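**Q** Structure provided below as structure tokens; questions to follow.
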Amino acid sequence: MSYQNSSDPQVLCSSEQLFLQPLWDHLRSWEALIQSPFFPVIFSITTYVAFCLPFVVLDILCSWVPALRRYKIHPDFSPSARQLLPCLGQTLYQHVMFVFPVTLLHWASRPALLPHEAPELLLLLNHILFCLLLFDTEFFVWHLLHHKVPWLYRTFHKVHHQNPSSFALATQYMSVWELFSLGFFDMMNVTLLGCHPLTSLTFHVVNIWLSVEDHSGYNFPWSTHRLVPFGWYGGVVHHDLHHSHFNCNFAPYFTHWDKILGTLRTASVPAR
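Under our numbering, the residues of the sequence shown are numbered 17 to 288, in order.
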């Protein structure tokens, strides 16, 4: 589809495209920033910290509002400043020192061109679901290998398990290799599916939120795993069991791969 003439009649656009068009037009008004090599790093850090901050505030409030502890998986645990600050510092350091140079090289070799038309809503939702399923599969295999091969665990993945009880800012407390691996899966999937830039941005936001929620340590009535039926989605309880026992629940989000390979553990099953 050609985007050369933005004054063409919109009769070729579906109602689903028109539904998202105002949002996409607003984002395109920031085209200079979106096309810059700084945008991926700014977007990633800003989104990540914005999702982490509410849980950090809750951890602080738990000391004064004991009723909040009913939603904590580990009611007696609250991360200290000595745990929070190194996690935040490592995230900022890795994005500035490693992610930005790679982003700069990618920007120099393949400058981004934004289409004029928004994606169809149904296509956007389908692509996000497919990207999540692909990411879940890729990370499951990667994660399983890094737990089953001692050298891989000691060298690359052990960093992420240094905090036995999860908290939001520990989500990206990981080695550079792990950070780049997950980033590669993330970018590869939107490229393979030919996702619209708006779809890619939405997927990145969803992926960051789900990963932060998985590590938050809070099991709310509105948590994602409670909204998805039939136990298809593991969520924060599912992932907390992995951090507690190491030998189960290797998939980040969904439960089908752990069920198939017999590595699924639920909260009602005692640890061996």
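Ideal Cβ positions, reconstructed from N, Cα and C, are used throughout, including at glycine.
This one's a predicted model, so the numbers in the text were calculated from it and none came from an experiment.
Let me check you understand the geometry: is the CB of residue 190 closer than 7 Å to at least one non-hydrogen atom of the ligand SAM?
**A** Ligands in the displayed structure: none, and consequently the ligand SAM is not present.
**Q** Quick one: grab the DSSP three-state call for residue 270.
**A** Numbered from 1 along the sequence shown, position 254 holds the residue referred to as residue 270. Strand at residue 270.
**Q** According to DSSP, what are the bridge partners of residue 88?
**A** Working through the sequence shown from its first residue, we reach residue 88 at position 72. Answer is 234, bridged to residue 88.
**Q** Under a three-way DSSP split, which group does residue 249 fall into?
**A** In the sequence shown, counting from the first residue as 1, residue 249 sits at position 233. Strand at residue 249.
**Q** What is the residue span of the alpha helix (DSSP H) that residue 2 lies within?
**A** Nothing about residue 2 can be read from this structure; the chain reaches only from 17 to 288.
**Q** Using the Cα positions of residue 113 and residue 96, report the straight-line distance between them to the nearest angstrom.
**A** Taking the sequence shown and counting its residues from 1, one reaches residue 113 at position 97. Taking the sequence shown and counting its residues from 1, one reaches residue 96 at position 80. Rounded to the nearest angstrom, the two C-alpha atoms are 26 Å apart.
**Q** Note down, in chain order, each residue of its chain lying with its Cβ closer than 8 Å to the Cβ of residue 221, except the 5 sequence neighbours on either side.
**A** What you label residue 221 is simply residue 205 of the sequence shown in a count that begins at 1. Same-chain partners within the cutoff: 63.
**Q** Need the endpoints of the alpha helix (DSSP H) that residue 210 sits in, please.
**A** Within the sequence shown, residue 210 is the residue found at index 194, counting from 1. First-last for residue 210: undefined, no H or E at that position.
**Q** According to DSSP, is residue 225 part of a helix, a strand, or is it coil?
**A** As a first step, residue 225 must be located in the sequence shown, where it is residue number 209. If DSSP states are grouped into helix, strand and coil, residue 225 belongs with the helices.
**Q** Using three-state DSSP, classify residue 203 as helix, strand or coil.
**A** As a first step, residue 203 is located in the sequence shown; it is residue number 187 there, counting from the start. In this structure, residue 203 counts as helix in the three-state DSSP scheme.
**Q** Can you round the beta-carbon distance between residue 91 and residue 85 to whole angstroms, since I take them to be within the 8 Å contact cut?
**A** Along the sequence shown, read from residue 1 onward, the residue named residue 91 stands at position 75. Along the sequence shown, read from residue 1 onward, the residue named residue 85 stands at position 69. Right, their Cβ atoms sit about 4 Å apart.
**Q** From residue 26 to residue 39, what distance separates their C-alpha atoms?
**A** The sequence position of residue 26 within the sequence shown is 10, counting from 1. The sequence position of residue 39 within the sequence shown is 23, counting from 1. Because residue 26 sits at a pLDDT of 44, beneath the cut-off of 50, its placement in the model cannot be relied upon, and the following sentence gives the value as read from the coordinates. Their backbone Cα atoms lie some 16 Å apart in a straight line.
**Q** Determine the DSSP secondary structure at residue 135, reduced to helix, strand or coil.
**A** As a working note, residue 135 is residue 119 in the sequence shown. It is coil, neither helix nor strand.
**Q** Please report the distance separating the alpha-carbon of residue 6 from that of residue 122.
**A** The first residue shown for the chain is 17 and the last is 288, placing residue 6 beyond what the model contains.
**Q** According to the Cβ coordinates, are residue 172 and residue 159 closer than 8 Å?
**A** Here residue 172 refers to the residue found at position 156 when the sequence shown is read from its first residue. Here residue 159 refers to the residue found at position 143 when the sequence shown is read from its first residue. Taking 8 Å as the Cβ cut-off, residue 172 and residue 159 do not qualify as a contacting pair.
**Q** Is residue 214 closer than 8 Å to residue 34 when the C-beta atoms are compared?
**A** Numbered from its first residue, the sequence shown carries residue 34 at position 18. Numbered from its first residue, the sequence shown carries residue 214 at position 198. Going by C-beta atoms, residue 34 is not nearer than 8 Å to residue 214.
**Q** Counting along the chain, where does the alpha helix (DSSP H) carrying residue 109 start and finish?
**A** In the sequence shown, counting from the first residue as 1, residue 109 sits at position 93. Its alpha helix (DSSP H) spans residues 97 to 110.
**Q** Here's the rule: buried if 16 or more other CB atoms are within 10 angstroms of the residue's CB, otherwise exposed. What is residue 263?
**A** As a first step, residue 263 is located in the sequence shown; it is residue number 247 there, counting from the start. It is exposed - the Cβ of residue 263 has fewer than 16 other Cβ atoms within 10 Å.
**Q** Straight-line CA distance for residue 106 to residue 259?
**A** Counted from its first residue, the sequence shown places residue 106 at position 90. Counted from its first residue, the sequence shown places residue 259 at position 243. Their Cα atoms are separated by approximately 20 Å.
**Q** Is the CB-CB distance between residue 272 and residue 255 below 8 Å?
**A** Counting from one through the sequence shown, the residue named residue 272 turns up at place 256. Counting from one through the sequence shown, the residue named residue 255 turns up at place 239. No, the pair does not count as a contact, with Cβ atoms beyond the cut-off.
**Q** Could you spell out the range, first to last residue, of the alpha helix (DSSP H) harbouring residue 64?
**A** Residue 64 sits at position 48 when you count from the first residue of the sequence shown. Residue 64 -> alpha helix (DSSP H) spans 55 to 77.
**Q** Quick check: residue 250 and residue 266, are their CB atoms within less than 8 Å of each other?
**A** Here residue 250 refers to the residue found at position 234 when the sequence shown is read from its first residue. Here residue 266 refers to the residue found at position 250 when the sequence shown is read from its first residue. Not in contact: residue 250 and residue 266 (Cβ atoms no closer than 8 Å).
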